[in-house]
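Count the sequence shown with the numbering used here and you get residues -17 to 212, in order.
By construction, the Cβ of each residue, glycine as well, lies at the ideal position given by its N, Cα and C atoms.
One structure below.
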Amino acid sequence: MTTSDWPRMAVCLLTYERTEYAVRTVRSVCTNLKYPNLAWYVADDGSKGEHVFAVHEELAKYGVKVFGSHSEKLGPGPSWNKAIEQSLEQCDLVLWLEDDWELGEELDVTRYVRLLLDVPEVGMVRLGYMAVGLDLHSVGHDGVHYLRVEKSQPYAYSGNPSIRHRRYFDAYDWYPKKAKTNPGDCEIWHDAKFRKKDGPQIWWPMDLPLGGWGGGFGHIGQEPSYEVTP
């Protein structure tokens, strides 16, 4: 497949206020993620103007395409849902990226996109950490070994960085529509939905650069990623 043949993939950057983290995340992905047809969508949950400007300024340094953005106080679930809706209008592939994950070295994701294009039973390739206690089954495709995440244990789904095909979003409910649901509760809610339904599988590549039970991305966030309401 030539460079021009690879389908567009939307990078959904989910962000709120944590400017230093967000800039580091953008910088690391623009520098180290290797894929020939990326475009960005910035989903900001109503941050101050300085934060929004800093994120877009960092993206502009790398000359990347930004096809859309929003900055309004919706709450994590509604904000994420809007990002999904806007991204699926542009393409079938989404790189899910919260604003506190740093890619520390080069990662060519074309082989993972190839998996999603070739194997309709797979809907998501996880690129972040794997929780202890998951039920995993070794599988392979095109010379790469993966672990298929079974639906028998909690946290089979994770909001860590991942590449998702449209069919994943079509098969499973998106995120809670309630504005006051925090990101952690959104993940738990979606994990329960994923485990209760038949549908596309989640695979985790065993060739990620950090190896072992780590992932291609490292988590850098400690500050809350949402506004705490009394």
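Mind checking which residues open and close the beta strand (DSSP E) that includes Ile184? Here the beta strand (DSSP E) through Ile184 covers Gln183 to Pro187.
Excluding the 5 residues flanking Thr(-15) on each side, which residues of the same chain have their C-beta closer than 7 Å to its C-beta? Excluding positions up to five away in sequence, the list reads Pro18.
Is it right to say His147 is buried, meaning 16 or more other beta carbons lie within 10 angstroms of its own, or is it exposed? Counting the other Cβ atoms within 10 Å of the Cβ of His147 gives 16 or more, which makes it buried.
Residue(s) in a DSSP beta bridge with Phe128: It is Tyr, not Phe, that sits at residue 128 in the sequence shown. In the DSSP secondary-structure assignment, Tyr128 is bridged to Val121 and Pro187.
Pull up the DSSP beta-bridge partners for Ile145, would you. Under DSSP, the beta-bridge partners assigned to Ile145 are Leu77 and Val107.
With 16 as the cutoff for other CB atoms within 10 Å, does Met106 come out buried or exposed? Buried is the call here.
Quick check on Ser29: buried or exposed, where buried means 16 or more other Cβ atoms within 10 Å of its Cβ? Per the 10 Å Cβ criterion, buried.
Which value, in whole angstroms, describes the spacing of the CA atoms of Ser144 and Val11? If I take the Cα positions, the gap works out to 13 Å.
Residue burial classification, Leu34 (beta-carbon count within 10 angstroms, cutoff 16): For clarity, residue 34 is Val in the given sequence; the question names Leu instead. When all chains shown are included, Val34 counts as buried.
Simplified DSSP assignment, three categories, for Ser(-14): If DSSP states are grouped into helix, strand and coil, Ser(-14) belongs with the helices.
Tell me whether Gly125 is buried or exposed, calling it buried when 16 or more other Cβ atoms sit within 10 Å of its Cβ. Around the beta carbon of Gly125, fewer than 16 other beta carbons lie within 10 angstroms, which makes this residue exposed.
Using a Cβ-based criterion (distance less than 7 Å to any ligand heavy atom), does Tyr(-2) qualify as near the ligand GTP? With respect to small molecules bound, the structure shown includes none, and the ligand GTP cannot be examined in it.
Buried or exposed: where does Thr13 fall if 16 or more other Cβ atoms within 10 Å of its Cβ makes it buried? Thr13 comes out exposed.
Lys43 by DSSP, collapsed to three states: which one? Per DSSP, reduced to three states, the secondary structure at Lys43 is helical.
Taking the alpha-carbon positions, what's the Tyr111 to Asn142 distance? Roughly 7 Å between the two C-alpha positions.
Pull up the DSSP beta-bridge partners for Asp90, would you. DSSP output for Asp90 lists Lys16 as bridge partner(s).
Determine, using beta-carbon pairs with one atom in the stretch 90 to 104 and one in the stretch 168 to 176, whether at least three such pairs fall under 8 Å. Not touching, per the Cβ criterion.
Once you ignore the five residues that flank Trp(-12) on each side, which residues in its own chain have a CB closer than 8 Å to its CB? So the qualifying residues of the chain are Tyr17, Pro18, Asn19, Thr92 and Val95.
Between the Cα of Ala(-8) and the Cα atoms of Ser69, His172 and Leu129, which residue gives the shortest distance? Ala(-8) has its Cα closest to that of Ser69, out of Ser69, His172 and Leu129.
Taking Leu(-5) as part of the beta strand (DSSP E), name the residues at either end of that continuous run. Start and end: Met(-9) to Thr(-3).
Shortest alpha-carbon distance to Asp189 belongs to which of Leu109, Lys47, Arg149 and Asp81? Of Leu109, Lys47, Arg149 and Asp81, the residue nearest in Cα terms is Leu109.
Expressed to the nearest angstrom, what Euclidean distance is found between the alpha-carbon atoms of Ala113 and Tyr137? When only Cα atoms are considered, Ala113 and Tyr137 end up about 7 Å apart.
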